[in-house]
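Student:
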Amino acid sequence: MSSTTHKPTILSNLPPIFSMLHEAKTKAGLTFEQLAQKIGRDEWYVAAIFYGQAKPDKQDIERLSQSLDVRINYLDEGLGDNFFPHRGLGEFPPQDPVLYRLYEVLVVYGYPLKHMIHEKFGDGIMSAIDFEGHVDKIEDPKGDRE
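Final position of the sequence shown in the UniProt record's numbering is 146; the numbers increase by one with none missing.
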């Protein structure tokens, strides 16, 4: 990994396969969006694989191997049949400013969101099992915050 590339701190707590994935992605010069297009998956799902939050299937592993020029046996060993995702990584509350702001959304708007879910769908819970997310920039007429 080049010295100009930031290595997410959380990777130091994960098995080495995840640092290797990040290094291969950096070397290939791909974004998660570009990699997702190459392997036929959602950008969010692909990013989750890179942090041990999602379990790639056999086809995902083959396509990652081809797209990142990583030997398939490394990916099979690290992410194959014996790998199980570990969800909920990191300290709580998060110290990273971006993660903290997402946490803040739930702290500030959690109960209003819960109430709206109950009004629209009745008693029950919301599931993140089939969660989909998209990251897009929306221009603010007042300008970006720095």
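Backbone N, C-alpha and C fix where the C-beta goes; we use that ideal spot for every residue, glycine too.
#1: Under the rule that 16 or more other beta-carbon atoms within 10 Å means buried, what is G122, buried or exposed?
#2: Output the boundary residues of the alpha helix (DSSP H) element that contains R101.
#3: In terms of alpha-carbon separation, which member of R63, Y103, A47, D81 lies closest to residue 147?
#4: With a Cβ-Cβ cutoff of 8 Å, do S65 and L75 count as a contact?
#5: Grouping DSSP H, G and I as helix and E and B as strand, with all else coil, what is S67?
#6: What's the gap between the Cα of I129 and the Cα of E139?
#7: Taking all protein chains shown into account, decide if M125 is buried (16 or more other Cβ within 10 angstroms of its Cβ) or exposed.
#8: Using beta-carbon positions only, say whether P56 and L79 come within less than 8 Å of one another.
Tutor: With the structure as the only source:
#1: On the sequence shown, residue 122 is found 122 positions in, with the first residue counted as 1. Its Cβ having fewer than 16 others within 10 Å, G122 is exposed.
#2: Position 101 of the sequence shown, counted from the start, is the residue given in the question as residue 101. Here the alpha helix (DSSP H) through R101 covers 97-121.
#3: Residue 147 is absent from the structure shown; the chain starts at 1 and stops at 146.
#4: The residue you call residue 65 lines up with position 65 of the sequence shown. The residue you call residue 75 lines up with position 75 of the sequence shown. In this structure, L75 lies closer than 8 Å to S65 by Cβ.
#5: To locate residue 67, count along the sequence shown from 1; it is residue 67. Correct three-state label for S67: helix.
#6: Along the sequence shown, one-based indexing puts residue 129 at 129. Along the sequence shown, one-based indexing puts residue 139 at 139. In a straight line, the C-alpha of I129 is about 30 Å away from that of E139.
#7: For the purposes of this step, residue 125 is taken as the residue at position 125 of the sequence shown. Just to set this straight, residue 125 is Ile in the shown sequence, not Met. Result: exposed.
#8: Counted from its first residue, the sequence shown places residue 56 at position 56. Counted from its first residue, the sequence shown places residue 79 at position 79. It is a contact, given that the beta carbons lie within the stated cut-off.
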